[in-house]
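Sequences listed follow chains A and B, in order. Every number in the numbering used here is 20 more than the matching position in the first sequence, counting from 1. Every number in the numbering used here is 4 more than the matching position in the second sequence, counting from 1. All C-beta atoms in this analysis are idealised placements derived from N, C-alpha and C, irrespective of residue type, glycine included. In what follows, a single structure is set out as structure tokens and then discussed.
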Amino acid sequence: MKIIVVGNGMVSYKFCEKLIAKAESTLFEVIVFGEEIRPAYDRVHLSEFFSGKSAGDLLMAPANWYSDNNITLHTGDPVQQIDRANKTIHSFKGITESYDVLILATGSSAFVPPIPGVEKNGVFIYRTIEDLEMMTAYAKKAKTGAVIGGGLLGLEAAKAMIDLGITDTHVIEFAPRLMPRQIDEAGSNILKAKLQLLGLKIHTSKNTAEITGNGCIDGMLFSDDTKIEVDMLVISAGIKPRDELAKLCGLETGTRGGIIVNNKLQTNDPSIYAIGECALFEGMVYGLVAPGYEMANVVASNLVASLNLPMNRETSKESANSEESAGTDGLQNPPLGGGGAVFSAYDMSTKLKLIGVDVASFGDPFVAGENCRSVVFEDTMKGIYKRINISSDGKQLLGGILIGDAEQYNVLLQTVKNKVVLPPNPEDVILGSRGGESDGGAGVLSLPDEAIVCSCESVTKGMICGAVTEGGCETIDAIKKCNKAGTGCGGCVPMVKDIMLHTMKAQGKYVRNVLCEHFNYSRQELFDLVKIHELKSYDEVLDHLGKGDGCELCKPPVASILASLWGEMILKKGNDTAQDSNDRFLANIQKGGTYSVVPRIPGGEITPDKLIVIGQLAKQYNLYTKITGGQRIDMFGAHLNDLPDIWGQLIEAGFESGHAYGKSLRTVKSCVGSTWCRFGLHDSVSYAIRIEERYRGLRSPHKLKGGVSGCIRECAEAKSKDFGIIATEKGWNLYVCGNGGSKPQHALLLATDLDDETCIQYIDRFLMFYIKTADTLTRTATWLNKMDGGIDYLRNVVVNDSLGMSALWEAEMQVLVNCYKCEWKEAIENPEIRKRFSHFVNAPEVKDPTVVFEEMRDQKKVRDWK
Amino acid sequence: MLATIEKNTTWFLACKANDVPTNGGVCVKYNNDQIALFHFARRGEWYATQNECPHRMQMALSRGMIGSQSEEPKVACPFHKKTFSLKTGECLSGDECSIKTYEVKVEGDNVFIGVSQL
Chain A
21 MKIIVVGNGM VSYKFCEKLI AKAESTLFEV IVFGEEIRPA YDRVHLSEFF
71 SGKSAGDLLM APANWYSDNN ITLHTGDPVQ QIDRANKTIH SFKGITESYD
121 VLILATGSSA FVPPIPGVEK NGVFIYRTIE DLEMMTAYAK KAKTGAVIGG
171 GLLGLEAAKA MIDLGITDTH VIEFAPRLMP RQIDEAGSNI LKAKLQLLGL
221 KIHTSKNTAE ITGNGCIDGM LFSDDTKIEV DMLVISAGIK PRDELAKLCG
271 LETGTRGGII VNNKLQTNDP SIYAIGECAL FEGMVYGLVA PGYEMANVVA
321 SNLVASLNLP MNRETSKESA NSEESAGTDG LQNPPLGGGG AVFSAYDMST
371 KLKLIGVDVA SFGDPFVAGE NCRSVVFEDT MKGIYKRINI SSDGKQLLGG
421 ILIGDAEQYN VLLQTVKNKV VLPPNPEDVI LGSRGGESDG GAGVLSLPDE
471 AIVCSCESVT KGMICGAVTE GGCETIDAIK KCNKAGTGCG GCVPMVKDIM
521 LHTMKAQGKY VRNVLCEHFN YSRQELFDLV KIHELKSYDE VLDHLGKGDG
571 CELCKPPVAS ILASLWGEMI LKKGNDTAQD SNDRFLANIQ KGGTYSVVPR
621 IPGGEITPDK LIVIGQLAKQ YNLYTKITGG QRIDMFGAHL NDLPDIWGQL
671 IEAGFESGHA YGKSLRTVKS CVGSTWCRFG LHDSVSYAIR IEERYRGLRS
721 PHKLKGGVSG CIRECAEAKS KDFGIIATEK GWNLYVCGNG GSKPQHALLL
771 ATDLDDETCI QYIDRFLMFY IKTADTLTRT ATWLNKMDGG IDYLRNVVVN
821 DSLGMSALWE AEMQVLVNCY KCEWKEAIEN PEIRKRFSHF VNAPEVKDPT
871 VVFEEMRDQK KVRDWK
Chain B
5 MLATIEKNTT WFLACKANDV PTNGGVCVKY NNDQIALFHF ARRGEWYATQ
55 NECPHRMQMA LSRGMIGSQS EEPKVACPFH KKTFSLKTGE CLSGDECSIK
105 TYEVKVEGDN VFIGVSQL
């Protein structure tokens, strides 16, 4: 296939690059004609020409890149005529070439308004390296300057004037504000103030009537009859698509310029395509480089597909993932089916540094109306203006404006594009969380893998992560080389770096946390696998997912996973011998080999009758009694043989297992609450009982404790618990991930002023998330400490349902709640289980004779071990 | 020498095979001794060791979890998870201590433990 590309700008170059990346260069004959004498260069960074970059530095690729890739490049030789009937073109230098496919990438020229005097010396446009060279020469004798156009390019040109040493420069904008397409009035005022500090004189709502001077410009006259004296003028009032060649050969163009294309960038002649700033798509000329690149990509993809070739190197969107995927594996990819790649309306978000001032605009920067609310932050001292537009439910970011500090641009843009749910206080996204938590790259981490990070090159977050994990890239340069992320406008480079660093960090820290030699999986992975395969016993899990015979490291976590998933009696299905000793005998083994007995006393509330039962039992079996930290009573020194009888009596008296032996819910501690306490706001005891009974028996990666306080005095010490609930005037505040233990840590506020049901709903979600994802023997505090994004991320998951898992988790929790049974009741009623509670298999009635007690403070204690 | 040992091994009936949990252990009373008996069903093997964990002198090994380390069958004490080879009695957690092991044979439903009378 013979392809002729008319024009050699950034988009033209990108087309060539995409084409050869997608198919063998021998399959296409590509001939490029460019008007300028240089091969394509980076026009976006043109102003760097003044800060020391040479024309060579700005080249997209050196001249030999084209010949190396079998592309014929004619520079300084614009195409002058297209003969559509014979499919040939004729160039300025007299070359005639035939084509199968013609690509028009003629770009745009500066729009010059018809102001009298524009032809005078000293009036420039700001478009090409030649323009810059002429400006440089003229600036040597100029003292004052002006720029017509206060848009993006105009301000760039103003910067160029400053760089050229013309500090006395005026900016003339016809509209009432600067950058009218990108920013609002308030933003413009901040920007204006900042630019004025730098010496620019900004005039808005100013209409130039005449450029005065005799041959050379000496001043400007405005429609309001004011005038200024200037030695030099740059016109940067917009762009005009270069569609003259298209018009000449009868292609359809828009009334205000631009070659009309369909969503495949095809003109009304199916053999001719138009891409970049010369194309008019759905009434719009895209004056940014990113959409131009996307157009180039779409056309290249479809041309490759039209040859019915396998898409050798990825499909259109991901084509930038280049080299590694080349080769034979591409043969398995079918060619683009159906309509192939298409171009669609493109996001015009942009971020740039204008004369040292960050300016960014993303999504819909101006959206207003009933379905939208705006949060605005303005600091005229520092010259910072931030505006975000959010949906009225507060969940979606619609767009915004950042001036003076655009650090959050990339994250915010991705938040818009990927519809990431906003945190409960959306202003946090521009102001940072003010709760003292620093969450660094949480924004980056919350992005899905398919989020486009580099829109110029269509590089996703996943591809960047992949470049690090598989490609071994550890520098921005390496990533640029690998998948071209950040090589376009460069705006995404900080974000690419963030993602790279986070991925590296994750890698460096990630000593793959497998359970043991028998399972090559982390607890979280195993949890999912056991669920997917519906495995119900330890042996099944070992057979399906592990190897060898298991051990004390993998048995308890697997047994716990089985219990968390299926809620079945933990000693059945041969799982008894996979339980740790405490779970296996439903009691806590203590020094000397005896056990302690802890019946559940929900919320710490107990009747005198039940107290008497415990007292009598303790006397009967000679047990040491102590009040525990969780407001219940522990009876120590029970022989294994006595456990079933003791429990038989306890259950008879209305007690049930307290699960003090399990990695499961222990207690929900409560203060006395509003029923007795003169300060109490709510009935903390009733609520604690309700919650303790809801989660009793729930198996988890580690033990779980809860607390409910009836007022801010916090007598239940709820903030030291895995979940703590504290009454407020309006409801309950929920705190999570507190721990006592060796590294005490206060629980952090998850949500405020909840009603009873919502609070339980959040605890359901929180617990299921923890149970599913924590490493074995990791308490909630450690789990949270390791969680990237910390409490803010957790809040987003639990409160805002950012993972979309809440409904499922609540349902799963409800299943577990429904299938709760007292384990001890089942154990004593099941003869097979009951028979395990003897010390000697061949002498069931004999207790362990080696157990020796001593006396202390009127009770017994076990003889100390050596 | 080997012949002498064999001659001096006394076999006693410990229990029925199904008295021992699959892949778990029980404690067998032999005079004043306590012997931990394990049915390593996964490997089709039986093992017997002293019941006392030598680490803190606790009568607890029969309540420990069994498993393997590479190919070596082992038991972990429930108190501090010291592990011992079921074959050799050697401590696999790097301690100096070791445990005594006994021979086991299963005839029909009956499980016998061999005690050497040296």
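Review point. So what's A:Lys593 in DSSP terms, helix, strand or just coil?
Key: The DSSP-derived three-state label of A:Lys593 is coil.
Practice item. Give the single residue among A:Lys575, A:Ile634, A:Asn90 whose Cα lies nearest to the Cα of A:Asp559. Key: Looking only at A:Lys575, A:Ile634, A:Asn90, the smallest Cα-Cα distance to A:Asp559 is reached by A:Lys575.
Check your understanding: Is any beta-carbon of chain A found at less than 8 Å from that of B:Ala21?
Key -> Not flagged as an interface residue toward chain A: B:Ala21, since no C-beta distance is shorter than 8 Å.
Review point. How would you list, in chain order, the residues of chain C whose beta-carbon sits under 7 Å from the beta-carbon of A:Ala863?
Key: Chain labels in this structure do not include chain C; the protein chains are A and B.
Point to revise | chain A contacts from the region 89 to 115 of chain B (Cβ-Cβ distance under 8 Å) | key: Those residues of the region 89 to 115 of chain B that come within reach of chain A (Cβ to Cβ, closer than 8 Å) do not exist; the list is empty.
Check your understanding: Using a Cβ-Cβ distance under 8 Å, would A:Cys571 count as near chain B?
Key -> So yes, A:Cys571 belongs to the interface.
Check your understanding: When DSSP labels each residue in this structure, what does A:Ala20 get in the three-state scheme?
Key -> Any property of residue 20 of chain A remains undetermined from this structure, which presents chain A solely from 21 to 886.
Practice item. Using 10 angstroms around the beta-carbon of A:Gly492, count the other beta-carbons present and answer buried if the total reaches 16, otherwise exposed. Key: By the neighbour-count definition (other C-beta atoms within 10 Å, threshold 16), A:Gly492 is an exposed residue.
Review point. Which chain B residues are close to A:His766, counting only those with a beta carbon under 8 Å from its beta carbon?
Key: Residues of chain B passing the Cβ test: none, with the nearest at roughly 31 Å.
**Study point:** C-alpha distance - A:Glu302 paired with A:Ser364, whole-angstrom precision
**Key:** The C-alpha of A:Ser364 is placed about 9 Å away from the C-alpha of A:Glu302.
Exercise for review: Kindly say whether B:Val30, judged by its beta-carbon, lies nearer than 8 Å to any beta-carbon of chain A.
Suggested key: Cβ-Cβ to chain A under 8 Å: yes for B:Val30.
Point to revise | A:Thr232, enclosing beta strand (DSSP E) - first and last residue | key: It spans 228 to 232 - the beta strand (DSSP E) in which A:Thr232 sits, taken as one unbroken run.
Review point. Applying a beta-carbon distance threshold of less than 8 Å, which residues of chain A neighbour B:Lys85?
Key: Within chain A, the residues near B:Lys85 are Glu572.
Review point. So is B:Gly68 in contact with chain A if we call contact Cβ pairs under 8 Å?
Key: Yes, its Cβ sits closer than 8 Å to a Cβ of chain A.
Exercise for review: Identify which residue in A:Ile40, A:Ser111, A:Ser129, A:Thr108 has its Cα closest to the Cα of A:Trp85.
Suggested key: Considering only alpha carbons, the answer is A:Ile40.
Review point. Taking only beta-carbon atoms, is B:Gly118 less than 8 Å away from chain A?
Key: Chain A, which has no Cβ nearer than 8 Å to the Cβ of B:Gly118, makes this no.
Practice item. Indicate whether at least one CB of chain B lies closer than 8 Å to the CB of A:Arg856. Key: At least one chain B Cβ lies under 8 Å of A:Arg856.
Check your understanding: Is it the case that the Cβ atoms of A:Ile653 and A:Val688 are separated by a distance below 8 Å?
Key -> Not closer than 8 Å, so no.
Point to revise | A:Ser67 beta carbon less than 8 Å from that of A:Lys179 | key: A contact, by the Cβ cut-off of 8 Å.
Practice item. Taking only runs that begin and end inside the region 79 to 108 of chain B, name each unbroken beta strand (DSSP E) of 3 or more residues, in chain order. Key: Counting whole runs of 3 or more residues, the region 79 to 108 of chain B contains the beta strand (DSSP E) stretches 87 to 89.
Exercise for review: Let me know if A:Asp88 comes out buried or exposed under the rule of 16 or more other beta-carbons within 10 Å of its beta-carbon.
Suggested key: Exposed is the call here.
Review point. So which residues of chain A does B:Thr26 contact, with C-beta pairs closer than 7 Å?
Key: Those are Gly594, Thr597, listed as they occur along chain A.
Practice item. For A:Gln834, verify whether its CB is less than 7 Å away from any heavy atom of the ligand FAD. Key: Ligands are entirely absent from the displayed structure, and the ligand FAD is therefore not among its contents.
**Study point:** Residue range of the alpha helix (DSSP H) that includes A:Gly114
**Key:** Element bounds for A:Gly114: n/a, residue is neither H nor E.
**Study point:** Within chain B, the residues that A:Trp885 reaches when beta carbons sit closer than 8 Å
**Key:** Chain B residues near A:Trp885: Arg60, Met61, Gln62.
Review point. Are the region 16 to 29 of chain B and the region 874 to 885 of chain A touching by the rule of at least three beta carbon pairs closer than 8 Å?
Key: Counting C-beta pairs closer than 8 Å gives fewer than three between the region 16 to 29 of chain B and the region 874 to 885 of chain A, which falls short of the contact rule.
Practice item. Give the residues of chain B in contact with A:Met580, contact being defined as C-beta atoms less than 9 Å apart. Key: The amino acid at residue 580 of chain A is misidentified as Met; the sequence shows Ser. The premise fails here: A:Ser580 is roughly 13 Å from chain B at the closest Cβ pair, so nothing lies under 9 Å.
Review point. What span of residues does the beta strand (DSSP E) with B:Trp50 cover, start to end?
Key: That run of the beta strand (DSSP E) goes 49 to 54.
Check your understanding: On the three-state DSSP scale, how would you describe A:Tyr306?
Key -> Looking at A:Tyr306 - three-state DSSP - the assignment turns out to be coil, as it is neither helix nor strand.
**Study point:** Reference A:Tyr790, options A:Asp703, A:Lys867, A:Lys683, closest by Cα
**Key:** The shortest Cα separation from A:Tyr790 among A:Asp703, A:Lys867, A:Lys683 belongs to A:Lys683.
Check your understanding: Per the contact definition of three or more C-beta pairs closer than 8 Å, is the region 44 to 55 of chain A in contact with the region 97 to 109 of chain A?
Key -> Touching, yes, given that three or more Cβ pairs across the two stretches are closer than 8 Å.
Review point. Apart from the five residues just before and just after A:Met876, which ones in its own chain have a Cβ nearer than 7 Å to its Cβ?
Key: Shown here for A:Met876: not one same chain residue has a beta carbon closer than 7 Å to its own, the five before and five after excluded.
Review point. Can the beta-carbon of A:Val26 be found closer than 8 Å to that of A:Leu417?
Key: In this structure, A:Leu417 does not lie closer than 8 Å to A:Val26 by Cβ.
Review point. Interface residues of chain B around A:Lys575 at Cβ under 8 Å?
Key: In chain order: Met69, Gly71.
**Study point:** Cβ of A:Asp795 within 8 Å of any chain B Cβ
**Key:** So, not an interface residue.
Exercise for review: May I ask which residues mark the beginning and end of the beta strand (DSSP E) holding A:Asn409?
Suggested key: Residues 404 to 411.
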